[in-house]
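Trainee: Here the sequence shown is numbered in the working numbering, starting from 149 and rising by one per residue. To start, I am sharing the structure in question, which I have written as structure tokens.
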Amino acid sequence: MVLPDEIQTERMTLRRATTADAPAVFERYAQDRDVTRFMAWRPHKSIADTEAFLSSQEKAWSTGEGHRCWALVPHGEQAAIGMIGASTSISGTELGYVLAQAYWGKGLMPEAVAALTETLFQLGVWRVAACCHVDNLPSRRVMEKCGMVHEGTARRYLLHPNVDPDVPADCHVFAIVRPTENDR
Ligand SMILES: CC(C)(COP(=O)(O)OP(=O)(O)OC[C@H]1O[C@@H](n2cnc3c(N)ncnc32)[C@H](O)[C@@H]1OP(=O)(O)O)[C@@H](O)C(=O)NCCC(=O)NCCS
């Protein structure tokens, strides 16, 4: 699916992530243990880890396949403060997101999720879903604020290596679906 390189929100530009984002991403959140606690990846030990991740993103953007990430950049700034990613197909998209701690609590991620969801609906996607570890209340709140509905708790769903490296965690699954004429 062809996804836009850039999406505008009220306070941010979401733009295609590149390896040039590595210094900001590493310094601002990728090595932060609090930020990465509920992520499916370990905190980055060096900027090389961040570059390797962003290089895989560049490849996904150039082939138009696989999981793709947009950097969150506040208007008037250049450096990324977080990322939002999507694994996309027409039948459904799964979102993931992360934000540097200094920017938490300002409603920025709900703004990014809502804008990306709207873009995906305009591209014809029927369902936008996300999941979080059952203890990740901030992430749950993002999904609720974006009008996603709690569809259930999936048991042993996803490994969260910073919580338990051996046993996949129970996760809340949320989704929002594109309305049809009959729903209105
Ligand atoms: C989840 C996350 C993206 C939320 O983004 P955000 O832009 O701060 O979202 P909001 O401002 O809407 O706040 C959402 C909730 O975070 C919590 N929160 C707000 N400020 C906070 C702070 N300074 N510290 C801890 N939690 C905070 C509150 O529960 C808030 O809900 P409320 O508005 O009902 O009080 C962000 O907390 C984050 O990056 N966390 C680490 C990465 C992560 O867990 N990603 C999701 C994986 S599923």
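Note that the Cβ used here is the ideal one computed from N, Cα and C, for glycine as well. Keep in mind the model is a prediction, meaning the values are calculated, not measured.
Between which two residues does the alpha helix (DSSP H) carrying residue 260 extend?
Mentor: The residue you call residue 260 lines up with position 112 of the sequence shown. Unbroken alpha helix (DSSP H) run through residue 260: 256–270.
Trainee: What is the DSSP secondary structure of residue 289, reduced to helix, strand or coil?
Mentor: Here residue 289 refers to the residue found at position 141 of the sequence shown. Helix.
Trainee: When you compare each of 232, 153, 328 to residue 278 by their alpha carbons, which one comes out closest?
Mentor: Locating residue 278 in the sequence shown gives position 130, counting from the first residue. When only C-alpha atoms are compared, the closest one is 232.
Trainee: CB-CB under 6 Å to residue 293, same chain, minus the five flanking residues each way: which ones, in chain order?
Mentor: The residue labelled residue 293 in the question sits at position 145 within the sequence shown. Within the same chain, residue 293 has close Cβ partners 258.
Trainee: Can residue 257 be considered in contact with ligand 1, in the sense that its beta carbon sits closer than 6 Å to one or more heavy atoms?
Mentor: Mapped onto the sequence shown, residue 257 falls at position 109. Yes, the beta carbon of residue 257 sits closer than 6 Å to at least one heavy atom of ligand 1.
Trainee: Which residues mark the beginning and the end of the beta strand (DSSP E) in which residue 153 is found?
Mentor: Numbered from 1 along the sequence shown, position 5 holds the residue referred to as residue 153. Note, residue 153: premise wrong, no beta strand (DSSP E); not H, not E.
Trainee: Applying the 10 Å Cβ sphere with the 16-neighbour rule, what's the burial state of residue 230?
Mentor: One-based indexing of the sequence shown puts residue 230 at position 82. Its Cβ being crowded by 16 or more others within 10 Å, residue 230 is buried.
Trainee: With distance defined between alpha-carbon atoms, name the residue in 212, 289, 314, 209 nearest to residue 323.
Mentor: Start at 1 with the first residue of the sequence shown, and residue 323 comes out as number 175. Minimum Cα distance to residue 323 is reached at 289.
Trainee: Nearer than 6 Å: is that true of the beta carbon of residue 311 relative to any heavy atom of ligand 1?
Mentor: As a working note, residue 311 is residue 163 in the sequence shown. It does not: the Cβ of residue 311 is nowhere closer than 6 Å to a heavy atom of ligand 1.
Trainee: CB-CB under 6 Å to residue 267, same chain, minus the five flanking residues each way: which ones, in chain order?
Mentor: Numbered from 1 along the sequence shown, position 119 holds the residue referred to as residue 267. Here the set comprises 155.
Trainee: Roughly how many whole angstroms lie between the Cα atoms of residue 314 and residue 186?
Mentor: Counted from its first residue, the sequence shown places residue 314 at position 166. Counted from its first residue, the sequence shown places residue 186 at position 38. Roughly 14 Å between the two C-alpha positions.
Trainee: Which same chain residues end up closer than 7 Å to residue 161 when comparing Cβ atoms and leaving out the 5 residues on each side of it in sequence?
Mentor: What you label residue 161 is simply residue 13 of the sequence shown in a count that begins at 1. 154, 221, 223, listed in sequence order.
Trainee: What residue ranges within the segment 214–257 form continuous beta strand (DSSP E) runs of no fewer than 3 residues, ordered along the chain?
Mentor: The qualifying runs are 216–222, 230–236, 241–247.
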